[in-house]
Structures are given as structure tokens and as C-alpha cells.
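One structure below.
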Amino acid sequence: MPCSVVVCGFFGDTGKGKVISHLALKDKLDITARAGVGPNAGHTVLIGGRKYGLRMLPSAFMQKKCRLLIGPGVLVNPEILLKEMKLTESMSRVGVDPQCAIIEARHIEADKVGHLAKDIRTTGTGTGPCNAERALRKVRLAREVRELKDYLTDVPLEVNTAIDSGKQVLIEGTQGTYLSLFHGTYPYVTSKDVTASAACSDVGVGPTKVDDVIIVFKAFTTRVGAGPLPNEISLEEAEKRGWTEYGTVTGRPRRASPFNVELAKRAVMLNGATQAAVTKVDVLFPECKGATSYSKLSRDAKAFIENIEKEIKIPVTLIGTGPDALEMADRRRS
Ligand code: IMP
Ligand code: MG
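If you use numbering that gives the first Met the number 0, the sequence shown corresponds to residues 0 to 333, in order.
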């Protein structure tokens with residue numbers, strides 16, 4: 000901090016929502032700016048026993064003083080955004096950049112048929128067709144949408160002004176490094192780059208303004224949709240190990256493999272990561288459930304984390320020990 004970027008180092012669904020909600024509360028964030036593709040993302044936040052599956056709104060909403068912004072690079076589905084604003088009672092704190100492109104019904108229809116649905120197995124939320132139209136310079140922007148009128152704001156200006164005055168700013172990436180259009184497993188990828196540099200560009204922040212890039216990994220690797228997943232285990236085996244998960248947006252079961260060190264190392268490089276979070280450590284080591292300090296982790300869990308650190312050569316500062324925002328061993332302050 001003051002300006003951090005949070006990205007995922009695998010295929011999405013590593014727990015960015017959880018990590019960001021933890022940071023929102025612990026670091027008393029002033030501003031979060033959502034980067035990434037659009038409502039194809041599903042960020043899960045569990046706070047005080049209540050679960051939120053967010054697709055458009057930044058995951059820091061529970062920090063009541065935090066401005067919740069959506070950068071111009073992000074595609075907006077106004078219906079989803081307005082619903083999430085109501086659900087979280089955050090209307091007065093939301094800002095949408097006038098240059099955000101708008102997802103229309105025809106984008107969603109096009110995403111549910113043919114190559115995209117059958118071969119790539121997209122989320123069907125219209126993001127690929129909308130980005131294609133944006134590249135053709137035919138798409139409608141947020142500034143033309145009446146329902147968004149009250150929320151329009153110059154997001155790059157707000158974010159940079161906040162950084163320059165020393166406020167706590169977080170840039171929220173979505174998806175994951177290996178779903179990047181440039182760096183992922185093409186063609187089984189999303190419709191734009193989603194590494195840290197792209198996240199900065201999405202919200203209009205230059206690379207010299209960033210202090211930390213926090214890369215999020217999960218204790219095992221998962222992937223939804225088509226595309227390669229090295230060392231993939233069967234659904235039955237995943238079930239036996241307690242690794243089965245279902246997509247936040249699509250409800251599809253996630254494919255699983257053990258933690259992939261080689262992918263992790265390359266993701267650290269591609270994102271220029273300075274520190275890492277590893278979530279769901281309690282799934283591998285149930286004795287660690289709910290631990291909030293590193294010293295409370297078991298010997299096996301510590302060895303697991305230290306081995307990852309040795310390989311990726313950056314510190315693992317945040318260790319997820321349960322789904323709640325506060326179930327986190329935070330080593331940044333120990
Ligand atoms: P699209 O982004 O909906 O076009 O989907 C392209 C690929 O990225 C598919 O394999 C999706 O399952 C995957 N994908 C897109 N967004 C996410 C996400 O937020 N988490 C996990 N997978 C995603
Ligand atoms: Mg997700």
C-alpha cells in the first residue's frame with residue numbers, strides 16, 4: 000500500500016474476493032477500482048456469515064468508507080451492477096467511468112452459441128462479443144446509458160488523485176493470468192489481457208504509481224471451461240480430497256489439479272508480483288482452519304508455504320484459512 004494491485008496467478012477462482020475483503024477491512028481502504036473483463040467474473044465474499052457472489056462491484060464494499068469504482072477498461076452490464084449496488088447498499092459510493100463499454104442482449108446471445116459456447120466454453124455473459132464490438136469501435140459506452148447517469152465519474156482522475164494524496168488504493172484484477180488473451184492458454188482464454196499491467200491500464204494508473212502487486216494462488220489449482228490443466232485429477236478424486244468447487248457465475252464444477260509450481264513461478268514473472276497470497280490452506284491442512292497468525296499454522300502447513308516461497312522467490316504474506324474475510328494469517332504485520 001498505498002497503491003496495490005491484486006491479481007490471480009492461475010485460472011481465476013483463487014479467492015481474490017476473499018483477499019480483497021480482508022485488505023479492505025485491515026488496511027481501511029479508501030478506494031478500490033475494479034479492473035478486468037466484466038461480469039464474467041465471480042468474486043465471492045463471506046462476511047459475518049453472509050455470502051455475496053459479486054460480478055461487477057468491487058469486493059471491498061464492506062469497508063463503509065471505501066469508494067467503489069469501475070475503470071474504463073471494464074465492460075458493464077448495468078442490470079447486474081444496479082442489482083449488486085442495491086444488495087450491498089452501496090449506491091452512494093459507486094462510480095462508473097463514462098468510457099466503460101456496455102454489454103447488450105445481443106452480446107449475451109452471441110456468447111451462448113457456436114464456437115464460444117461449444118469449444119471455448121465461455122461464461123456466456125457476453126463479454127467476448129462485447130469486447131469484439133468495442134475493438135470495431137461500434138459499442139455503446141456508459142456515458143450513453145440513462146440508468147448510469149448518477150454514477151458517472153472520471154475514474155482515472157479519482158484514482159490518481161487519491162494515490163497522490165497518500166490514500167489507500169487497491170486495483171482489483173479479475174480472472175487469472177492463464178486466462179489472459181496474451182499470456183494464457185490461447186484459444187482457451189478470456190477476451191483481453193488480465194495481468195497486472197492490464198489491470199492498471201483498465202483503471203488508468205501508470206506503472207510508476209504501483210507499490211505492490213499481490214498475486215493470489217489457491218492451495219490447489221482449478222479451472223472451469225475448456226483448455227489444458229496439467230496434472231488434472233478426476234472429479235471423483237477431487238471429491239475425495241475435498242477439492243470440488245462450483246463456478247460462482249455458471250455453477251459448473253471446477254476441474255482440479257495439485258498446486259502447480261511452474262505456473263506459479265511464471266505468473267509471478269508476468270505480473271511483476273511483490274508478494275503472494277495462498278488461499279484454502281485449511282482445505283489441505285484442516286487443523287489450520289480459522290488461524291489468524293502464521294505461528295498458529297501446523298508444521299506441515301508452514302512447510303507447504305515455505306516450499307512455495309522458495310520456488311516463487313517472493314514472500315507469501317497472506318494465508319487463507321477459511322472462507323470468511325477475517326480467516327487469514329496475515330504476515331505483513333507480524
Ligand atoms: P469468457 O471470459 O466468458 O469469454 O470465458 C473464457 C474462458 O475463461 C472460459 O474458460 C471461462 O470459464 C473462463 N473464465 C472467464 N472468467 C472467469 C472467471 O472469473 N473465473 C474463472 N474462469 C473464468
Ligand atoms: Mg471466480
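Each residue gets a CB set at the ideal place from its N, CA and C atoms; glycine is no exception.
For residue i, I'd like the list of residues in its chain whose CB is within less than 6 Å of its CB, leaving aside the five on either flank, ordered along the chain.
i, result
"Phe181", "Asp192"
"Arg240", "none"
Where residue i and residue j are concerned, what is the direct C-alpha to C-alpha distance, given to the nearest angstrom?
i, j, result
"Asp29", "Asp210", "16 Å"
"Val93", "Glu235", "43 Å"
"Pro227", "Pro186", "10 Å"
"Val75", "Ser200", "16 Å"
"Ser256", "Val282", "14 Å"
"Asp153", "Asp12", "29 Å"
"Arg54", "Val248", "8 Å"
"Ile102", "Thr176", "23 Å"
"Val138", "Gly289", "46 Å"
"Ser20", "Arg254", "25 Å"
"Leu24", "Pro314", "21 Å"
"Gly47", "Pro77", "28 Å"
Quick check: is any heavy atom of ligand 2 less than 7 Å from the C-beta of residue i?
i, result
"Gly226", "no"
"Thr124", "no"
Return the chain-ordered list of same chain residues with a C-beta closer than 8 Å to the C-beta of residue i, the five sequence neighbours on each side being excluded.
i, result
"Ser333", "Residue placement at Ser333 is poorly supported in this model, since its pLDDT is 46, which falls under 50; the coordinates are not used for a value here."
"Lys15", "Val5, Val6, Cys7, His42, Ser58, Glu171, Gly172, Thr173, Val215"
"Asp118", "Pro186, Ala225"
Hey, would you say the C-beta of residue i is under 7 Å away from at least one heavy atom of ligand 1?
i, result
"Asp12", "yes"
"Gly127", "yes"
"Tyr185", "no"
"Ile69", "no"
"Val73", "no"
"Arg139", "no"
"Leu178", "yes"
So, at 7 Å on beta carbons, what are the nonlocal neighbours of residue i in its own chain, with the 5 sequence-adjacent residues on each side left out?
i, result
"Ala195", "Val4, Val6, Gly172, Val212, Asn270, Gly271"
Unbroken stretches of the alpha helix (DSSP H), 4 residues or longer, contained in the region 271-333: 280-283, 298-311
Alpha helix (DSSP H) runs wholly inside the region 196-277, at least 4 long, in chain order: 234-240, 260-270
Within the region 88-113, ranges of the beta strand (DSSP E) (whole runs, at least 3 residues): 93-95
Segments assigned beta strand (DSSP E), at least 3 residues, entirely inside the region 110-195: 168-171
Runs of alpha helix (DSSP H) lying entirely within the region 10-88, each at least 4 residues, in chain order: 15-25, 77-86
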